[in-house]
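For the sequence shown, the positions run 345 to 701 when the numbering used here is used. Quick reminder that beta carbons are idealized off the backbone N, C-alpha and C, glycines included.
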Amino acid sequence: MRGWAEPGLGCSLVGVMEQPAGKRCRGRWGPLRPAAWVWALDRLPGLRGSGCWGDGHSQAQSQALHPLALPADPAEFPKFSRRRRCCRPGVQLALLGLVTVMLWAGLLTLLLFWHRDTVQNLKQLEVAAAQNVSRVSKDLERHNGDQMAQKSQAAQVSQDMKEIQAEQKRMKAQDSELSQNLDALRSDLNNLKSQSLNERSTALHSLERLQEEVEKLWMELHVSNGSECNTCPEKWLNFQRKCYYFGEEPKKWIQARFACSKLQGRLASIHSQEEQDFLARYANKKGTWIGLRDLDREGEFIWMDENPLNYSNWRPGEPNNGGQGEDCVMMQGSGQWNDAFCGSSLDGWVCDRLATC
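Next comes the structure, spelled out in C-alpha coordinates:
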(Lines of atoms letter the chains of each structure in order from A and count residues from 1; the text may use other names and numbers.)
(Lines give C-alpha, C1' and ligand atoms only; values in the text may rest on other atoms or scores of the structure.)
Protein backbone atom coordinates (compact mmCIF):
# COMPACT_ATOMS: atom_id res chain seq x y z
CA MET A 1 0.00 0.00 0.00
CA ARG A 2 1.33 3.38 -1.09
CA GLY A 3 0.25 6.66 0.42
CA TRP A 4 0.04 10.11 -1.08
CA ALA A 5 1.17 13.28 0.66
CA GLU A 6 0.03 16.84 0.20
CA PRO A 7 2.49 19.31 -1.18
CA GLY A 8 4.99 20.44 1.40
CA LEU A 9 4.21 17.65 3.85
CA GLY A 10 6.97 15.41 5.05
CA CYS A 11 5.64 11.92 4.22
CA SER A 12 2.72 9.68 3.48
CA LEU A 13 1.24 7.21 5.88
CA VAL A 14 3.23 4.42 4.39
CA GLY A 15 6.32 6.62 4.55
CA VAL A 16 5.76 7.09 8.29
CA MET A 17 5.64 3.41 8.85
CA GLU A 18 8.59 2.66 6.59
CA GLN A 19 10.97 5.42 7.62
CA PRO A 20 12.88 5.18 10.89
CA ALA A 21 12.68 7.94 13.49
CA GLY A 22 14.82 11.03 12.91
CA LYS A 23 14.92 10.59 9.07
CA ARG A 24 13.40 12.93 6.52
CA CYS A 25 10.49 11.23 4.79
CA ARG A 26 10.30 11.35 1.01
CA GLY A 27 6.82 12.54 0.16
CA ARG A 28 5.07 13.01 -3.18
CA TRP A 29 2.16 14.96 -4.43
CA GLY A 30 -1.05 13.01 -4.25
CA PRO A 31 -4.85 13.22 -4.16
CA LEU A 32 -5.12 12.43 -0.39
CA ARG A 33 -8.31 13.98 0.94
CA PRO A 34 -8.65 15.84 4.32
CA ALA A 35 -10.93 13.03 5.61
CA ALA A 36 -8.09 10.61 5.14
CA TRP A 37 -5.92 12.87 7.24
CA VAL A 38 -8.53 12.83 10.02
CA TRP A 39 -8.67 9.06 9.87
CA ALA A 40 -4.89 8.84 9.94
CA LEU A 41 -4.52 11.29 12.81
CA ASP A 42 -7.14 9.51 14.91
CA ARG A 43 -5.34 6.22 14.51
CA LEU A 44 -1.78 7.49 14.67
CA PRO A 45 -1.75 9.85 17.60
CA GLY A 46 2.02 9.96 17.64
CA LEU A 47 2.29 11.26 14.08
CA ARG A 48 2.30 14.93 14.86
CA GLY A 49 4.91 14.62 17.54
CA SER A 50 7.13 12.19 15.70
CA GLY A 51 10.21 13.13 13.83
CA CYS A 52 8.50 12.45 10.54
CA TRP A 53 8.17 16.17 9.81
CA GLY A 54 11.80 16.06 9.11
CA ASP A 55 15.06 16.23 11.01
CA GLY A 56 13.59 16.82 14.53
CA HIS A 57 11.21 19.70 13.65
CA SER A 58 8.06 19.97 15.77
CA GLN A 59 4.59 20.29 14.39
CA ALA A 60 4.51 23.97 15.11
CA GLN A 61 7.87 24.42 13.38
CA SER A 62 6.68 22.39 10.42
CA GLN A 63 3.51 24.47 10.15
CA ALA A 64 5.51 27.60 10.42
CA LEU A 65 7.99 26.42 7.82
CA HIS A 66 5.42 25.29 5.26
CA PRO A 67 2.43 27.49 4.51
CA LEU A 68 0.35 24.49 3.52
CA ALA A 69 0.89 22.49 6.72
CA LEU A 70 -2.11 20.76 8.19
CA PRO A 71 -4.15 22.59 10.94
CA ALA A 72 -3.87 21.37 14.51
CA ASP A 73 -7.60 20.87 14.86
CA PRO A 74 -9.12 18.29 12.57
CA ALA A 75 -12.34 20.22 12.58
CA GLU A 76 -10.63 22.92 10.56
CA PHE A 77 -9.89 20.53 7.60
CA PRO A 78 -12.90 21.77 5.56
CA LYS A 79 -11.70 25.35 5.89
CA PHE A 80 -8.18 24.27 5.07
CA SER A 81 -9.40 22.39 2.04
CA ARG A 82 -11.44 25.38 0.81
CA ARG A 83 -8.48 27.69 1.33
CA ARG A 84 -6.27 25.36 -0.71
CA ARG A 85 -8.85 25.22 -3.51
CA CYS A 86 -9.02 28.97 -3.50
CA CYS A 87 -5.27 29.26 -3.77
CA ARG A 88 -4.77 26.70 -6.59
CA PRO A 89 -5.68 28.95 -9.62
CA GLY A 90 -3.26 31.63 -8.48
CA VAL A 91 -0.52 29.10 -8.02
CA GLN A 92 -1.26 27.64 -11.43
CA LEU A 93 -1.21 31.07 -13.03
CA ALA A 94 2.03 31.83 -11.26
CA LEU A 95 3.50 28.56 -12.40
CA LEU A 96 2.19 29.17 -15.93
CA GLY A 97 3.71 32.65 -15.92
CA LEU A 98 6.96 31.27 -14.59
CA VAL A 99 7.02 28.59 -17.25
CA THR A 100 6.15 31.18 -19.91
CA VAL A 101 8.91 33.45 -18.69
CA MET A 102 11.34 30.55 -18.67
CA LEU A 103 10.27 29.58 -22.21
CA TRP A 104 10.67 33.13 -23.41
CA ALA A 105 14.01 33.35 -21.65
CA GLY A 106 15.12 30.11 -23.31
CA LEU A 107 13.82 31.32 -26.66
CA LEU A 108 15.62 34.65 -26.26
CA THR A 109 18.74 32.80 -25.23
CA LEU A 110 18.50 30.63 -28.33
CA LEU A 111 17.87 33.71 -30.45
CA LEU A 112 20.89 35.42 -28.90
CA PHE A 113 23.07 32.39 -29.54
CA TRP A 114 21.74 32.15 -33.10
CA HIS A 115 22.30 35.87 -33.63
CA ARG A 116 25.83 35.59 -32.27
CA ASP A 117 26.61 32.59 -34.51
CA THR A 118 25.01 34.35 -37.47
CA VAL A 119 27.06 37.48 -36.86
CA GLN A 120 30.24 35.41 -36.55
CA ASN A 121 29.41 33.52 -39.73
CA LEU A 122 28.64 36.77 -41.52
CA LYS A 123 31.95 38.22 -40.33
CA GLN A 124 33.77 35.12 -41.51
CA LEU A 125 31.95 35.29 -44.83
CA GLU A 126 32.77 38.97 -45.09
CA VAL A 127 36.45 38.29 -44.39
CA ALA A 128 36.47 35.40 -46.89
CA ALA A 129 34.66 37.56 -49.45
CA ALA A 130 37.15 40.37 -48.90
CA GLN A 131 40.02 37.91 -49.36
CA ASN A 132 38.40 36.51 -52.49
CA VAL A 133 37.82 40.01 -53.83
CA SER A 134 41.43 40.90 -53.09
CA ARG A 135 42.67 37.72 -54.72
CA VAL A 136 40.41 38.21 -57.73
CA SER A 137 41.52 41.84 -57.96
CA LYS A 138 45.17 40.77 -57.92
CA ASP A 139 44.48 38.07 -60.51
CA LEU A 140 42.62 40.62 -62.63
CA GLU A 141 45.50 43.08 -62.37
CA ARG A 142 47.96 40.34 -63.30
CA HIS A 143 45.73 39.27 -66.16
CA ASN A 144 45.44 42.87 -67.35
CA GLY A 145 49.21 43.18 -67.17
CA ASP A 146 49.67 39.97 -69.14
CA GLN A 147 47.08 41.13 -71.64
CA MET A 148 48.84 44.46 -72.08
CA ALA A 149 52.14 42.62 -72.55
CA GLN A 150 50.54 40.31 -75.10
CA LYS A 151 49.02 43.27 -76.92
CA SER A 152 52.42 44.92 -77.00
CA GLN A 153 54.01 41.72 -78.30
CA ALA A 154 51.22 41.35 -80.87
CA ALA A 155 51.78 44.92 -82.03
CA GLN A 156 55.52 44.25 -82.31
CA VAL A 157 54.88 41.02 -84.22
CA SER A 158 52.45 42.83 -86.52
CA GLN A 159 55.05 45.52 -87.18
CA ASP A 160 57.66 42.85 -87.87
CA MET A 161 55.27 41.08 -90.22
CA LYS A 162 54.65 44.30 -92.12
CA GLU A 163 58.39 44.86 -92.45
CA ILE A 164 58.89 41.25 -93.59
CA GLN A 165 56.09 41.58 -96.14
CA ALA A 166 57.59 44.82 -97.44
CA GLU A 167 60.98 43.13 -97.66
CA GLN A 168 59.40 40.19 -99.49
CA LYS A 169 57.82 42.58 -101.98
CA ARG A 170 61.16 44.25 -102.58
CA MET A 171 62.84 40.87 -102.96
CA LYS A 172 60.13 39.73 -105.38
CA ALA A 173 60.63 42.88 -107.42
CA GLN A 174 64.38 42.33 -107.42
CA ASP A 175 63.87 38.66 -108.25
CA SER A 176 61.60 39.58 -111.14
CA GLU A 177 64.18 42.06 -112.41
CA LEU A 178 66.97 39.51 -112.01
CA SER A 179 64.85 36.90 -113.74
CA GLN A 180 64.26 39.24 -116.65
CA ASN A 181 67.97 40.01 -116.84
CA LEU A 182 68.76 36.30 -116.67
CA ASP A 183 66.26 35.55 -119.42
CA ALA A 184 67.81 38.29 -121.53
CA LEU A 185 71.28 36.88 -120.90
CA ARG A 186 70.09 33.38 -121.75
CA SER A 187 68.49 34.66 -124.92
CA ASP A 188 71.69 36.46 -125.88
CA LEU A 189 73.71 33.36 -125.06
CA ASN A 190 71.40 31.17 -127.10
CA ASN A 191 71.61 33.60 -129.96
CA LEU A 192 75.38 33.63 -129.70
CA LYS A 193 75.46 29.85 -129.51
CA SER A 194 73.11 29.55 -132.44
CA GLN A 195 75.10 32.08 -134.41
CA SER A 196 78.34 30.39 -133.45
CA LEU A 197 76.94 26.98 -134.32
CA ASN A 198 75.62 28.26 -137.60
CA GLU A 199 78.94 29.87 -138.41
CA ARG A 200 80.77 26.74 -137.33
CA SER A 201 78.42 24.55 -139.28
CA THR A 202 78.81 26.74 -142.32
CA ALA A 203 82.58 26.74 -141.95
CA LEU A 204 82.58 22.97 -141.42
CA HIS A 205 80.43 22.39 -144.46
CA SER A 206 82.65 24.67 -146.47
CA LEU A 207 85.71 22.83 -145.23
CA GLU A 208 84.13 19.46 -145.99
CA ARG A 209 83.23 20.58 -149.47
CA LEU A 210 86.73 21.89 -150.02
CA GLN A 211 88.19 18.62 -148.78
CA GLU A 212 85.81 16.69 -150.97
CA GLU A 213 86.72 18.80 -153.97
CA VAL A 214 90.41 18.35 -153.22
CA GLU A 215 89.91 14.59 -152.85
CA LYS A 216 88.00 14.47 -156.11
CA LEU A 217 90.69 16.43 -157.91
CA TRP A 218 93.36 14.22 -156.38
CA MET A 219 91.43 11.11 -157.38
CA GLU A 220 90.97 12.37 -160.97
CA LEU A 221 94.64 13.13 -161.12
CA HIS A 222 95.50 9.60 -160.06
CA VAL A 223 92.96 8.08 -162.42
CA SER A 224 94.37 10.11 -165.31
CA ASN A 225 97.75 8.66 -164.46
CA GLY A 226 96.31 5.12 -164.66
CA SER A 227 95.85 4.50 -160.92
CA GLU A 228 92.78 2.76 -159.41
CA CYS A 229 91.26 4.60 -156.47
CA ASN A 230 89.21 1.94 -154.67
CA THR A 231 90.83 1.60 -151.24
CA CYS A 232 88.39 1.66 -148.24
CA PRO A 233 88.88 1.31 -144.48
CA GLU A 234 88.10 -1.97 -142.75
CA LYS A 235 84.39 -2.92 -142.63
CA TRP A 236 83.62 -0.41 -145.37
CA LEU A 237 82.35 -1.54 -148.85
CA ASN A 238 83.63 -0.02 -152.09
CA PHE A 239 81.33 1.01 -154.93
CA GLN A 240 82.16 3.41 -157.80
CA ARG A 241 85.16 5.04 -156.04
CA LYS A 242 83.14 5.55 -152.81
CA CYS A 243 83.18 3.63 -149.53
CA TYR A 244 79.99 2.72 -147.59
CA TYR A 245 79.54 1.72 -143.93
CA PHE A 246 76.29 0.03 -142.82
CA GLY A 247 75.65 0.63 -139.13
CA GLU A 248 73.36 -1.74 -137.22
CA GLU A 249 72.94 -0.06 -133.82
CA PRO A 250 69.58 1.62 -133.06
CA LYS A 251 70.00 5.38 -133.47
CA LYS A 252 68.03 8.53 -134.15
CA TRP A 253 68.83 10.52 -137.31
CA ILE A 254 71.03 13.11 -135.53
CA GLN A 255 72.86 10.31 -133.67
CA ALA A 256 73.50 8.50 -136.94
CA ARG A 257 74.88 11.74 -138.42
CA PHE A 258 77.34 12.16 -135.54
CA ALA A 259 78.33 8.48 -135.76
CA CYS A 260 79.24 8.94 -139.43
CA SER A 261 81.24 12.07 -138.60
CA LYS A 262 83.28 10.09 -136.04
CA LEU A 263 84.04 7.58 -138.82
CA GLN A 264 85.25 10.47 -141.04
CA GLY A 265 82.20 10.13 -143.27
CA ARG A 266 78.63 11.38 -143.53
CA LEU A 267 75.14 9.95 -144.03
CA ALA A 268 74.99 8.57 -147.54
CA SER A 269 73.82 10.62 -150.52
CA ILE A 270 72.23 8.76 -153.45
CA HIS A 271 72.50 10.23 -156.95
CA SER A 272 71.84 7.26 -159.28
CA GLN A 273 69.79 4.11 -159.66
CA GLU A 274 72.92 1.97 -159.54
CA GLU A 275 73.91 3.49 -156.19
CA GLN A 276 70.31 2.98 -154.95
CA ASP A 277 70.37 -0.69 -155.92
CA PHE A 278 73.72 -1.22 -154.22
CA LEU A 279 72.56 0.36 -150.95
CA ALA A 280 69.20 -1.47 -151.00
CA ARG A 281 71.06 -4.78 -151.27
CA TYR A 282 73.00 -4.22 -147.99
CA ALA A 283 70.63 -1.95 -146.03
CA ASN A 284 68.76 -3.10 -142.90
CA LYS A 285 65.36 -4.51 -143.80
CA LYS A 286 63.67 -2.79 -140.81
CA GLY A 287 64.67 0.68 -141.99
CA THR A 288 67.86 2.67 -142.60
CA TRP A 289 68.62 6.38 -142.19
CA ILE A 290 70.09 8.14 -145.28
CA GLY A 291 71.50 11.66 -145.64
CA LEU A 292 68.39 13.45 -147.01
CA ARG A 293 66.37 16.02 -144.94
CA ASP A 294 64.29 19.22 -145.15
CA LEU A 295 65.15 20.67 -141.72
CA ASP A 296 65.89 24.18 -142.98
CA ARG A 297 62.80 24.66 -145.15
CA GLU A 298 59.75 22.41 -145.35
CA GLY A 299 59.58 20.51 -148.65
CA GLU A 300 63.10 21.51 -149.74
CA PHE A 301 65.14 18.32 -149.33
CA ILE A 302 68.96 18.58 -149.40
CA TRP A 303 71.62 15.83 -149.29
CA MET A 304 74.40 15.83 -146.75
CA ASP A 305 76.93 16.54 -149.54
CA GLU A 306 74.97 19.78 -150.18
CA ASN A 307 73.92 18.62 -153.64
CA PRO A 308 70.32 19.12 -154.76
CA LEU A 309 67.81 16.28 -155.08
CA ASN A 310 68.54 15.08 -158.64
CA TYR A 311 67.43 11.48 -158.02
CA SER A 312 64.60 10.08 -155.82
CA ASN A 313 62.93 6.77 -155.02
CA TRP A 314 59.92 7.83 -152.92
CA ARG A 315 57.27 5.41 -151.83
CA PRO A 316 53.90 6.28 -153.40
CA GLY A 317 52.26 9.12 -151.45
CA GLU A 318 55.55 10.25 -149.94
CA PRO A 319 56.80 12.62 -148.73
CA ASN A 320 53.62 13.62 -146.89
CA ASN A 321 54.98 15.19 -143.65
CA GLY A 322 52.34 13.18 -141.79
CA GLY A 323 51.55 14.59 -138.35
CA GLN A 324 53.86 17.56 -139.05
CA GLY A 325 57.55 17.17 -138.24
CA GLU A 326 58.61 14.37 -140.62
CA ASP A 327 61.82 16.10 -141.77
CA CYS A 328 64.28 13.19 -142.11
CA VAL A 329 64.32 10.48 -144.79
CA MET A 330 64.68 6.74 -144.29
CA MET A 331 65.04 3.81 -146.69
CA GLN A 332 62.53 1.04 -146.07
CA GLY A 333 63.24 -2.66 -146.48
CA SER A 334 61.88 -2.50 -150.03
CA GLY A 335 64.38 0.24 -150.89
CA GLN A 336 61.75 2.97 -151.21
CA TRP A 337 62.07 6.26 -149.35
CA ASN A 338 59.80 7.69 -146.65
CA ASP A 339 59.94 10.91 -144.65
CA ALA A 340 59.86 10.19 -140.88
CA PHE A 341 60.30 11.85 -137.49
CA CYS A 342 63.94 12.65 -136.88
CA GLY A 343 63.50 11.53 -133.25
CA SER A 344 62.49 8.02 -134.26
CA SER A 345 65.03 5.27 -133.61
CA LEU A 346 65.98 2.95 -136.51
CA ASP A 347 68.13 -0.18 -136.44
CA GLY A 348 70.10 0.77 -139.58
CA TRP A 349 72.04 3.77 -140.95
CA VAL A 350 74.53 4.07 -143.83
CA CYS A 351 77.59 6.33 -144.19
CA ASP A 352 79.69 7.15 -147.27
CA ARG A 353 83.10 8.66 -148.01
CA LEU A 354 85.50 8.84 -150.98
CA ALA A 355 87.81 5.93 -151.57
CA THR A 356 91.55 6.54 -151.45
CA CYS A 357 94.07 5.89 -154.20
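Here the alpha carbon of residue 477 sits roughly 30 Å from the alpha carbon of residue 498.
If the five residues before and after residue 649 are omitted, its C-beta is found closer than 6 Å to the C-beta atoms of 613, all from its own chain and listed in chain order. For residue 586, the uninterrupted beta strand (DSSP E) run begins and ends at 586–591, by DSSP. Classified as buried, residue 693 has 16 or more neighbouring CB atoms from the shown chains inside 10 Å of its CB. Taking the CA atoms as reference points, residue 551 sits about 18 Å from residue 699. According to the DSSP assignment, residue 685 belongs to no alpha helix (DSSP H), since it is labelled neither H nor E.
If one requires a minimum length of 4 residues, no alpha helix (DSSP H) run lies completely within the segment 513–558. Apart from sequence neighbours up to five positions away, the residues of its chain that approach residue 679 with a beta-carbon distance below 7 Å are 620, 624 and 657, ordered along the chain. Three or more beta-carbon pairs separated by less than 8 Å link the segment 662–677 to the segment 627–646, which places the two stretches in contact.
Taken atom to atom, the span from the alpha-carbon of residue 542 to that of residue 598 is near 16 Å. Residue 601 counts as buried, since no fewer than 16 other beta carbons sit within 10 angstroms of its beta carbon.
The C-beta of residue 618 has fewer than 16 other C-beta atoms within 10 Å across all chains shown, which makes the residue exposed.
Note: residue 583 is bridge-paired with 586 in the DSSP secondary-structure output. When rounded, the separation of the alpha-carbon atoms in residue 491 and residue 516 is 36 Å. The Cβ atoms of residue 609 and residue 589 sit closer than 8 Å to each other.
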